[in-house]
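A.B. asks: Residue numbers (my numbering), protein chains in the order written: chain A, 1 to 127; chain B, 128 to 254. Quick reminder that beta carbons are idealized off the backbone N, C-alpha and C, glycines included. Just so it is clear, the structure is predicted and the values come from calculations on it, not from any experiment. Once you've had a glance at the structure underneath, I'll fire off some questions.
Number of protein chains: 2
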Amino acid sequence: MDVTKEPHDLENTDCQKVSQVLARVGEKWSILIIMLLNSGPRRFTEIRRAVNGISQRMLTLCLRGLERDGLVKRTVYSVMPPRVEYELTPLGQSLTEPVIALGTWARDHIKEIDAARAAFDGTTDSP
Amino acid sequence: MDVTKEPHDLENTDCQKVSQVLARVGEKWSILIIMLLNSGPRRFTEIRRAVNGISQRMLTLCLRGLERDGLVKRTVYSVMPPRVEYELTPLGQSLTEPVIALGTWARDHIKEIDAARAAFDGTTDSP
DNA sequence: CGGTATCCCTAATGATACTG
DNA sequence: CAGTATCATTAGGGATACCG
Numbered sequence: 001m002d003v004t005k006e007p008h009d010l011e012n013t014d015c016q017k018v019s020q021v022l023a024r025v026g027e028k029w030s031i032l033i034i035m036l037l038n039s040g041p042r043r044f045t046e047i048r049r050a051v052n053g054i055s056q057r058m059l060t061l062c063l064r065g066l067e068r069d070g071l072v073k074r075t076v077y078s079v080m081p082p083r084v085e086y087e088l089t090p091l092g093q094s095l096t097e098p099v100i101a102l103g104t105w106a107r108d109h110i111k112e113i114d115a116a117r118a119a120f121d122g123t124t125d126s127p
Numbered sequence: 128m129d130v131t132k133e134p135h136d137l138e139n140t141d142c143q144k145v146s147q148v149l150a151r152v153g154e155k156w157s158i159l160i161i162m163l164l165n166s167g168p169r170r171f172t173e174i175r176r177a178v179n180g181i182s183q184r185m186l187t188l189c190l191r192g193l194e195r196d197g198l199v200k201r202t203v204y205s206v207m208p209p210r211v212e213y214e215l216t217p218l219g220q221s222l223t224e225p226v227i228a229l230g231t232w233a234r235d236h237i238k239e240i241d242a243a244r245a246a247f248d249g250t251t252d253s254p
């Protein structure tokens, strides 16, 4: 990415694209769903069970968003009862690579972050 | 979120850490601020001007969050008028690497995403 | 099963005013 | 300049009920 432009151009740089992607990926459930689907196609209810705590409504909305961005493919089987499967598209699969890189960073630095939070809270909290 | 139930769930994996990090990084303004500070320390108002559209309130909150996580260092110069500088910590700098990787992915695939969105909207919008 | 529609509450955010 | 405080508006998201 090019971050060598002037500060006042920030709104016109690739940062916006990163922001857009992160806005999608950063949604509370998106990353969990993407990582789940990375191990294979799943049905709606399977995802719902796997991602503990997500409401039906939010799962639907989240999957629609991922589908809209071309990250997830939705396949409807016209049977009774209905069967709908979700799987990562090639684009969605390629996204898992940088996401895993970020995940590695998170795993490697979560201790530092937690320590920083504790230190910050300890410094500011003074009842 | 509680995903610590079944073994096959997304529970104690790195996904949660990724989620935590992405929750911070995915905040609308965080990434823009981090990338801006990647090119050097900035004062409060400089950041405000550079990150077009952010309110004073949100900039303050966002910077506090980044500071709390140990990603940004805040330095106050006791002068009149006040001067406060923000800069990335080594931890914050290290975060830019995977973020840039994600940014590269975004830049390389933004066209596909836009196309997917257009196709999806064209398919679903039929008034 | 896999949704959609509705209600409703809360958290998030902008706008504005004030301060060391 | 760099905030903090307050108010008002809105968006996010849960609970519930209903549908193909």
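R170 (chain B) to E212 (chain B), Cα distance in whole Å?
C.D. replies: One-based indexing of the second sequence puts residue 170 (chain B) at position 43. One-based indexing of the second sequence puts residue 212 (chain B) at position 85. Rounded to whole angstroms, R170 (chain B) to E212 (chain B) spans 4 Å at the Cα level.
A.B. asks: Closer than 8 Å, Cβ to any Cβ of chain A: which residues of the segment 145-176 of chain B, in chain order?
C.D. replies: V145, S146, Q147, V148, L149, A150, V152, G153, E154, K155, I158, L159, M162, L163, N165, S166, R169, E173, R176
A.B. asks: Say whether chain A places a C-beta atom closer than 9 Å to the C-beta of L229 (chain B).
C.D. replies: Start at 1 with the first residue of the second sequence, and residue 229 (chain B) comes out as number 102. Yes, because at least one Cβ of chain A sits closer than 9 Å to the Cβ of L229 (chain B).
A.B. asks: Less than 8 Å between the CB atoms is what I'm expecting for V25 (chain A) and V99 (chain A), so what's the real figure, rounded?
C.D. replies: On the first sequence, residue 25 (chain A) is found 25 positions in, with the first residue counted as 1. On the first sequence, residue 99 (chain A) is found 99 positions in, with the first residue counted as 1. With 8 Å as the limit, V25 (chain A) and V99 (chain A) qualify as a contact, their Cβ atoms being about 6 Å apart.
A.B. asks: Note down, in chain order, each residue of its chain lying with its Cβ closer than 6 Å to the Cβ of T223 (chain B), except the 5 sequence neighbours on either side.
C.D. replies: Here residue 223 (chain B) refers to the residue found at position 96 of the second sequence. Contacts found: N165.
A.B. asks: Please report the straight-line C-alpha distance between A118 (chain A) and E214 (chain B), rounded to a whole angstrom.
C.D. replies: Taking the first sequence and counting its residues from 1, one reaches residue 118 (chain A) at position 118. Taking the second sequence and counting its residues from 1, one reaches residue 214 (chain B) at position 87. A direct Cα-Cα distance of roughly 20 Å separates A118 (chain A) from E214 (chain B).
A.B. asks: Can you tell me whether S182 (chain B) is buried or exposed, with buried defined as 16 or more other CB within 10 angstroms of its CB?
C.D. replies: By 1-based counting over the second sequence, the position of residue 182 (chain B) is 55. Classification for S182 (chain B): exposed.
A.B. asks: Taking 9 Å as the threshold (beta carbon to beta carbon), is V76 (chain A) in contact with chain B?
C.D. replies: Taking the first residue of the first sequence as 1, we reach residue 76 (chain A) at position 76. No, no contact with chain B.
A.B. asks: Of the residues that make up the segment 80-109 of chain A, which ones have a beta carbon closer than 9 Å to any beta carbon in chain B?
C.D. replies: T89, L91, S94, L95, E97, P98, V99, I100, A101, L102, G103, T104, W105, A106, R107, D108, H109
A.B. asks: Give the straight-line distance between the Cα atoms of L130 (chain A) and E239 (chain B), rounded to the nearest whole angstrom.
C.D. replies: Outside the shown range of chain A, which is 1 to 127, sits residue 130 (chain A), and nothing can be said about it.
A.B. asks: Between which two residues does the alpha helix (DSSP H) holding L198 (chain B) run?
C.D. replies: As a first step, residue 198 (chain B) is located in the second sequence; it is residue number 71 there, counting from the start. Here L198 (chain B) belongs to no alpha helix (DSSP H), and DSSP marks it neither H nor E.
A.B. asks: Based on Cα-Cα distance, which residue from A:K73, A:F120, A:R49, A:G122 lies nearest to L91 (chain A)?
C.D. replies: As a first step, residue 91 (chain A) is located in the first sequence; it is residue number 91 there, counting from the start. The shortest Cα separation from L91 (chain A) among A:K73, A:F120, A:R49, A:G122 belongs to A:K73.
A.B. asks: To the nearest whole angstrom, what separates the beta carbons of R57 (chain A) and K144 (chain B), a pair I think is in contact under 8 Å?
C.D. replies: For the purposes of this step, residue 57 (chain A) is taken as the residue at position 57 of the first sequence. For the purposes of this step, residue 144 (chain B) is taken as the residue at position 17 of the second sequence. Not a contact, Cβ separation roughly 26 Å.
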